[in-house]
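End of the sequence shown = 171 in numbering that gives the first Met the number 0, gap-free, step of one. Some notes on the structure that comes next.
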Amino acid sequence: MLAIGLATLGCYLLVTGGAEGLALSTAGVAAGLASAALWALYALGGEALAGREDSWDVLLWVLFLSALAWSPARSPAAAWTDSVRLIPWPALALVAIVGTLAPLGLYLAGLRTLTAGKATLTATLEPAVAAAAAYLMLGEALALAQIAGALLVLAAVLTLRPLSPPNQRTAD
């Protein structure tokens with residue numbers, strides 16, 4: 000519970016910079032809750048399949064079903080014909096591999112040795128790493144609250160270090 004609290008507070012500080020009085024829209028809250036529910040399904044489903052199926056096969060099915068679910072929003076044929084000339088293909092390939100296939104596939108592979116709870120909590124490092132990368136590579140300024148948030152997320156992940164041998168799965 001300590002790790003969850005640290006990670007939640009850390010992510011809040013990272014994203015908001017500690018700003019008060021944030022305006023929340025109904026659509027934004029609904030989208031956030033839907034995203035959380037789908038991530039929980041992905042994590043728990045991945046954990047259930049981790050010992051039985053190859054993680055890359057599971058990822059293929061997840062991406063296929065996601066594309067199928069989104070297809071009513073935009074016809075793939077229309078999307079293709081509207082933008083085929085406008086897409087910088089090397090950049091698209093980089094985003095597809097580095098930003099989608101690698102992280103999601105490695106997350107699923109990690110579920111062979113970590114529980115879904117620990118893997119998901121470890122994934123909260125993503126905004127901290129993104130903030131550090133933005134600072135180092137883009138010169139993005141970070142508020143003191145954002146730095147504190149990144150340190151809280153790091154502390155949350157460090158509380159998960161195994162007390163048992165590394166090859167044994169432990170309960171959350």
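Even for Gly, the Cβ is constructed at its ideal location relative to N, Cα and C. As the structure is a computational prediction, the values presented were derived from the model and not from experiment.
Residue environment for T123: buried (at least 16 other C-beta atoms within 10 angstroms of its C-beta). Closest in alpha carbon position to P126, among G148, T114, G31 and D53, is G148.
Of the candidates S70, T119 and V61, T119 places its Cα closest to the Cα of A35.
Under the criterion of beta carbons closer than 8 Å, G9 and A142 do not qualify as touching, at roughly 14 Å. Going by C-alpha positions, P89 is about 20 Å away from M136. The criterion of a C-beta distance shorter than 8 Å is satisfied by G45 and L107. Relative to L113, the option among L103, A155 and L159 whose CA is nearest is L159. In the three-state DSSP reduction, A66 falls in the helix class (H, G or I).
Around the beta carbon of S54, 16 or more other beta carbons lie within 10 angstroms, which makes this residue buried. G50 carries a coil assignment under DSSP once its states are collapsed to helix, strand and coil. The Cβ atoms of A131 and L5 do not sit closer than 8 Å to each other.
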